[in-house]
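There are 2 protein chains.
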Amino acid sequence: MFSLSEENYLKAIFHLQKNSEAGVSTNALAEEMQTKASSVTDMIKKLSEKKLVIYEKYRGVYLSETGRKTALQIVRKHRLWEVFLVEKLGFSWDEVHEVAEELEHIKSEKLISELDKFLNYPKRDPHGDPIPDAKGHFQVANKTLLSNLSKGEKGTLVGVKDSSSEFLKYLDKNAIALGKTIEVLDKEDFDGSMLIQLKEKSLRISPMVSSNIYIKI
Amino acid sequence: MFSLSEENYLKAIFHLQKNSEAGVSTNALAEEMQTKASSVTDMIKKLSEKKLVIYEKYRGVYLSETGRKTALQIVRKHRLWEVFLVEKLGFSWDEVHEVAEELEHIKSEKLISELDKFLNYPKRDPHGDPIPDAKGHFQVANKTLLSNLSKGEKGTLVGVKDSSSEFLKYLDKNAIALGKTIEVLDKEDFDGSMLIQLKEKSLRISPMVSSNIYIKI
DNA sequence: GCTAGTTTTTAGACTTGCCTAAATATTTTA
DNA sequence: TAAAATATTTAGGCAAGTCTAAAAACTAGC
Numbered sequence: 000m001f002s003l004s005e006e007n008y009l010k011a012i013f014h015l016q017k018n019s020e021a022g023v024s025t026n027a028l029a030e031e032m033q034t035k036a037s038s039v040t041d042m043i044k045k046l047s048e049k050k051l052v053i054y055e056k057y058r059g060v061y062l063s064e065t066g067r068k069t070a071l072q073i074v075r076k077h078r079l080w081e082v083f084l085v086e087k088l089g090f091s092w093d094e095v096h097e098v099a100e101e102l103e104h105i106k107s108e109k110l111i112s113e114l115d116k117f118l119n120y121p122k123r124d125p126h127g128d129p130i131p132d133a134k135g136h137f138q139v140a141n142k143t144l145l146s147n148l149s150k151g152e153k154g155t156l157v158g159v160k161d162s163s164s165e166f167l168k169y170l171d172k173n174a175i176a177l178g179k180t181i182e183v184l185d186k187e188d189f190d191g192s193m194l195i196q197l198k199e200k201s202l203r204i205s206p207m208v209s210s211n212i213y214i215k216i
Numbered sequence: 000m001f002s003l004s005e006e007n008y009l010k011a012i013f014h015l016q017k018n019s020e021a022g023v024s025t026n027a028l029a030e031e032m033q034t035k036a037s038s039v040t041d042m043i044k045k046l047s048e049k050k051l052v053i054y055e056k057y058r059g060v061y062l063s064e065t066g067r068k069t070a071l072q073i074v075r076k077h078r079l080w081e082v083f084l085v086e087k088l089g090f091s092w093d094e095v096h097e098v099a100e101e102l103e104h105i106k107s108e109k110l111i112s113e114l115d116k117f118l119n120y121p122k123r124d125p126h127g128d129p130i131p132d133a134k135g136h137f138q139v140a141n142k143t144l145l146s147n148l149s150k151g152e153k154g155t156l157v158g159v160k161d162s163s164s165e166f167l168k169y170l171d172k173n174a175i176a177l178g179k180t181i182e183v184l185d186k187e188d189f190d191g192s193m194l195i196q197l198k199e200k201s202l203r204i205s206p207m208v209s210s211n212i213y214i215k216i
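The listed protein sequences derive, respectively, from chains A and B. So for the first sequence, numbering that gives the first Met the number 0 puts the first residue at 0; every next one is plus one. So for the second sequence, numbering that gives the first Met the number 0 puts the first residue at 0; every next one is plus one.
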């Protein structure tokens, strides 16, 4: 159906489009794809001819309805494979991304529907991100960044914004995990750093950390 | 490490090399790869430069030690994924090949070693073919074709030579499966067709069938 | 509202893996 | 053992996806 490269561009546009209403710029896409702006222009033209994106020169690019559906199926596959790797093969949450980047391109409807069943229709991946169903529908959680909470507020950790291996390892080391209850004991006005309470201990974290953790109140 | 195409050529040479002592001919490889002889020559040159095959113009091609090890790892991955698809996702043995053709190229040592563990270190794939271990070692079964048996001999079905969907479906339909005991009740001199005894029933099969079934006596 | 700076696109080229057509080597056969 | 048939390689080209360098279009600052 679509080439590896086309699928990766669609996914990248999808992820960048989430962050704003505006179209995705050539440079942003080049950065995301680790390539040059000129290569991006070429590919966008191709995707545009295939009606997967809506594109006007110098105006940025948007996913078409077809493009969005395709991107959602790739995201679905990526996240299901991540669940498989963690739940069935014992990977930790910081190890799954690269492998899932490859697995997400395997083309078999049956493979994915059976995998979904085998995993018991999970709703979220190991980082708390929602898994679209076969039709591309998924729950949007009403979550907020931990950095938005004030002193005294508390909630449950439901996701991470940064899924880099470094950040996830930092969380592991400090026993901060999905589903944990976090209470803000104190917040420093000067730099936004926080003293937070976990079940067994309290911990001081920088805004770099608190602004990458999603909380449901 | 290696491109998709390189891996597929190595695997094809490996499978063709099994059938004879001689080098693999350009035409045989072209047939196996569903491509043209000239394309094969190009790729063989490339693999030869990378020391994965030993090649002399007009003399056929052989896998080098490195090439053989690489091919065995791809075969290992292919067969482990086939076991996964059948045992965990409920695929039937005639549905697994195409999907495994894609899955076998996923590059992650850990993925394969953990999959192997998860599947409890299977020794054979759903068609009875041996699965090489991480070092590339595998058991060579002492098996023979059912067509070689004489009237009165019996044995256990341990594998199939032809893994085409059509053949496997024929076997399913007639309840001929891995592990079944088969006895030759009668063999026709004229065309080699056989009357065989399965557990519950007897059945007449053509030499086309008996020469694609492996038996262990 | 013009100019300087930035972003984006175009032009031309490279690599991989494939193709067709033609040339060359090997094998078969008479 | 030489011509005919077959197998293999070479030569030249094409598409996808990338690159660099240069041109064109936008955007901001004065």
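Each residue gets a CB set at the ideal place from its N, CA and C atoms; glycine is no exception.
- Looking only at B:Val139, B:Trp80 and B:Thr40, the smallest Cα-Cα distance to glutamate 113 of chain B is reached by B:Trp80.
- Taking the C-beta atoms as reference points, glutamate 6 of chain B is found no nearer than 8 angstroms to isoleucine 105 of chain B.
- With respect to the C-alpha of glutamate 187 of chain B, the residue from B:Thr180, B:Pro206 and B:Gly178 having the closest C-alpha is B:Pro206.
- The three-state secondary structure of glutamate 55 of chain B, taken from DSSP, is coil.
- A residue is called buried once 16 or more other Cβ atoms fall within 10 Å of its Cβ, and arginine 58 of chain A, having fewer, is exposed.
- Residue nearest to aspartate 190 of chain A within the set A:Ala174, A:Gln196, A:Leu177 and A:Val208 is A:Val208 (criterion: CA-CA distance).
- About 6 angstroms separates the Cβ atoms of isoleucine 181 of chain A and leucine 197 of chain A, confirming a contact at the 8 angstroms cut-off.
- Segment contact: the stretch 26 to 37 of chain A against the stretch 61 to 78 of chain A, fewer than three CB-CB distances shorter than 8 angstroms; contact not assigned.
- Sequence-distant Cβ neighbours of leucine 46 of chain A in its own chain, meaning closer than 6 angstroms and more than five residues away, are Val52.
- Contact note: valine 98 of chain B reaches chain A through Ile105, Lys106, Ser107, Lys109 and Leu110, using a C-beta cutoff of 9 angstroms and chain order.
- For phenylalanine 117 of chain B, the nearest CB of chain A lies under 8 angstroms from its own CB, placing it at the interface with that chain.
- For leucine 88 of chain B, the chain A residues whose C-beta falls within less than 9 angstroms of its own C-beta are Lys109, Leu110, Glu113, Leu114, Lys116 and Phe117, listed in chain order.
- For arginine 203 of chain A, the enclosing beta strand (DSSP E) covers residues 201 to 204.
- Assigned with DSSP and collapsed to three states, tyrosine 8 of chain B falls in helix.
- Straight-line measurement puts the Cα of lysine 142 of chain B at about 36 angstroms from the Cα of methionine 0 of chain B.
- Under DSSP, lysine 153 of chain B shares a beta bridge with B:Glu182.
- The C-beta separation of glycine 135 of chain B from lysine 68 of chain B comes to about 5 angstroms, placing the pair in contact by the 8 angstroms criterion.
- For arginine 123 of chain B, DSSP records a beta bridge to B:Pro129.
- Membership of isoleucine 43 of chain B in the alpha helix (DSSP H) is indicated by the continuous run 36 to 48.
- In its chain, beyond the 5 residues on either side, Arg203, Ile204, Ser205 and Pro206 have a beta carbon closer than 7 angstroms to the beta carbon of serine 192 of chain B.
- The C-alpha of leucine 118 of chain B is placed about 7 angstroms away from the C-alpha of phenylalanine 83 of chain B.
- Excluding residues up to 5 positions away in sequence, Lys50 and Leu51 lie with their Cβ nearer than 7 angstroms to the Cβ of threonine 65 of chain B in the same chain.
- Using a Cβ-Cβ cut-off of 8 angstroms, glutamate 6 of chain B is close to nothing in chain A; its nearest Cβ partner there is about 13 angstroms away.
- With a threshold of 8 angstroms between beta carbons, glutamate 48 of chain A makes no contact with chain B.
- In the structure shown, leucine 71 of chain A falls within a helical segment according to DSSP collapsed to helix, strand and coil.
- By the Cβ test, the stretch 139 to 153 of chain A is not in contact with the stretch 91 to 101 of chain A, since fewer than three Cβ pairs between them sit closer than 8 angstroms.
- Cβ contact annotation for glycine 127 of chain B (same chain, cutoff 6 angstroms, sequence separation greater than five): Val157, Gly158 and Leu177, in chain order.
- DSSP places valine 98 of chain A in the uninterrupted alpha helix (DSSP H) bounded by 95 to 102.
- Assigned with DSSP and collapsed to three states, isoleucine 212 of chain A falls in strand.
- Comparing alpha-carbon positions, the option among B:Phe90, B:Ile111 and B:Pro125 lying closest to glutamate 108 of chain A turns out to be B:Phe90.
- In the DSSP assignment, isoleucine 195 of chain A falls outside any alpha helix (DSSP H) and lies within the beta strand (DSSP E) extending over 193 to 196.
- Non-local beta-carbon contacts of valine 95 of chain A in its own chain, meaning distances under 7 angstroms to residues more than five positions away in sequence, involve Glu81, Leu84, Val85 and Pro125 in chain order.
- Annotation for leucine 167 of chain A: the continuous alpha helix (DSSP H) segment containing it runs 164 to 172.
- Contact between leucine 194 of chain B and leucine 184 of chain B holds, with the beta-carbon distance rounding to 4 angstroms and staying under 8 angstroms.
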